[in-house]
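For the record, in the sequence shown the residue sitting at position 156 is 715 according to this note's numbering, with numbers rising by one throughout.
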Amino acid sequence: MAKILRGRLQPLMREALAEFMATFILVSFGLGSVAQFTLSRSQLGTFFSVNFSWGVAVTMGCYWAGGISGEYVFTKIRRSNVLKVERGWREFIMRTKGAHMNPAVTLALAVVRRLKWTKVPAYCLAQLLGAFFASTVVYGIYRDALDAFDGGIRQVTGPNATAGVFATYPKPFVTTANGFADQFFGTALLVSCIFAILDRNNNAPDQGVAPVMIGLVVFLIGTTFGLNCGYPINPARDLGPRIFTAMAGWGSEVFTAYNNWAWVPVVACPLGGVLGAIVYIITIEFHQSASADTEHPYEPICTAAAMTEQKESLLS
Numbered sequence: 560m561a562k563i564l565r566g567r568l569q570p571l572m573r574e575a576l577a578e579f580m581a582t583f584i585l586v587s588f589g590l591g592s593v594a595q596f597t598l599s600r601s602q603l604g605t606f607f608s609v610n611f612s613w614g615v616a617v618t619m620g621c622y623w624a625g626g627i628s629g630e631y632v633f634t635k636i637r638r639s640n641v642l643k644v645e646r647g648w649r650e651f652i653m654r655t656k657g658a659h660m661n662p663a664v665t666l667a668l669a670v671v672r673r674l675k676w677t678k679v680p681a682y683c684l685a686q687l688l689g690a691f692f693a694s695t696v697v698y699g700i701y702r703d704a705l706d707a708f709d710g711g712i713r714q715v716t717g718p719n720a721t722a723g724v725f726a727t728y729p730k731p732f733v734t735t736a737n738g739f740a741d742q743f744f745g746t747a748l749l750v751s752c753i754f755a756i757l758d759r760n761n762n763a764p765d766q767g768v769a770p771v772m773i774g775l776v777v778f779l780i781g782t783t784f785g786l787n788c789g790y791p792i793n794p795a796r797d798l799g800p801r802i803f804t805a806m807a808g809w810g811s812e813v814f815t816a817y818n819n820w821a822w823v824p825v826v827a828c829p830l831g832g833v834l835g836a837i838v839y840i841i842t843i844e845f846h847q848s849a850s851a852d853t854e855h856p857y858e859p860i861c862t863a864a865a866m867t868e869q870k871e872s873l874l875s
């Protein structure tokens, strides 16, 4: 029993650690760019540079852990358009690439059966912790700059507010409903574009180029839908640093400010991500040709021997 548990836990621990580090890298670079822009009072950075930094940060996180976390999942896909192959069903190996760095991505993959539900808690916790610890590092590096900016009085709102360096907050004119729709749609765009980029039955780029394309998607969302609330599109990226700021001197106002804004990214982003995945599958994957289906859209085709080996290892 101990050997079985160890065999099952070790891969999960490896994947969770990869998610932790990828998210740590993402949030460290991202928050660092926001801190430099804000604390220099726009002298060392622009809104464009912040968006560009977040996009490149996503790319670096993908390169760090894209080949580590992830899993093989067996599923049976209805193939009514195929001539009586195993009574209309075929079994495919599916591999979901790692470096999600985002609970919305993880949840979307689980909902559409690209990731085991048993792994979702570990992935999401690792992502949240990665974002939390990244915010502690950025805070430590920029603590003197924070003190010079706000006089040591940590503020959530006002001209010397610094809470926005770490978590997202809406503009004063943005209603909760508008902000919810903003995050729902932005995350749906993100996840649907990720599915498109990784779909090898579509027009997917080379595997090594995919992280760059995903980073460009984040950059594009930031430059087009970043006005209302800073496009968190990632519950871990927002909640982890928000929890840290509550502990580091900003207080409970980080959760109650702007009509209790804190819950919006946590709820809207996962829902939007699930919708984005479903929309892509319904509009694209369901209509791909039978010849394209000979390899799974999210991984180069596996040999029969490799498929058998993976199946036996999973079922053992």
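Beta carbons are placed, not taken as given, at the ideal position from N, Cα and C, and that holds for glycine.
Measuring C-alpha to C-alpha distances from leucine 666 to each of Ile843, Leu830 and Ile802 identifies Leu830 as the nearest. Apart from sequence neighbours up to five positions away, the residues of its chain that approach proline 794 with a beta-carbon distance below 7 Å are Pro662, Ala663, Pro824, Val825, Cys828 and Pro829, ordered along the chain. For asparagine 762, the closest C-alpha among the options Pro729, Trp809 and Glu844 is that of Glu844.
The Cβ-Cβ distance between leucine 585 and alanine 624 does not fall below 7 Å.
A Cβ-Cβ separation of about 5 Å places cysteine 788 in contact with glycine 738 under the 8 Å criterion.
Ranked by Cα distance from leucine 668, the first of Ser751, Phe611 and Asp709 is Ser751.
Sequence-distant partners of serine 811 (beyond 5 residues in either direction) whose C-beta falls short of 8 Å from its own C-beta, in its chain, are Ala805. Under the three-state reduction of DSSP output, proline 718 falls in the coil class, being neither helix nor strand. Between phenylalanine 579 and glycine 689 a beta carbon distance of about 4 Å is seen, short of the 8 Å cut, so the two are scored as contacting.
In this structure, the straight-line span from the alpha carbon of alanine 577 to that of aspartate 797 is close to 19 Å. By the Cβ rule, the region 704-711 does not count as touching the region 602-614, because fewer than three pairs are nearer than 8 Å. Considered as a whole, the region 760-802 harbours 769-784 as its complete alpha helix (DSSP H) runs of no fewer than 4 residues, in chain order. Remark: three or more beta-carbon pairs, one from each stretch, lie closer than 8 Å, so the region 741-760 and the region 768-788 are flagged as touching.
Within its own chain, the residues whose Cβ lies closer than 7 Å to the Cβ of tyrosine 701, once the five positions on either side in sequence are excluded, are Ala594 and Leu598, listed in chain order. Shown here, leucine 674 sits in coil according to DSSP, grouped into three states, outside any helix or strand. Listed in chain order, the alpha helix (DSSP H) runs fully inside the region 702-747 are 702-709, counting runs of at least 4 residues. The criterion of a C-beta distance shorter than 7 Å is not satisfied by alanine 747 and alanine 575. Within its own chain, no residue has a Cβ closer than 7 Å to the Cβ of aspartate 703 once the five positions on either side in sequence are excluded.
Distance from tryptophan 613 to glycine 589 at the Cβ level is roughly 5 Å; contact confirmed, criterion being Cβ atoms closer than 8 Å. Take threonine 618, set aside five residues on each side of it, and the residues of its chain with a beta-carbon closer than 6 Å to its own are Pro770, Val771 and Gly774, in chain order. Within the model, the alpha-carbon separation for alanine 836 versus phenylalanine 725 is close to 28 Å.
The three-state reading of DSSP puts methionine 660 in coil, since its state is none of H, G, I, E or B.
About 5 Å separates the Cβ atoms of threonine 735 and asparagine 818, confirming a contact at the 8 Å cut-off. For isoleucine 700, the enclosing alpha helix (DSSP H) stretches over residues 679-700. When DSSP states are grouped into helix, strand and coil, serine 599 belongs to the coil group.
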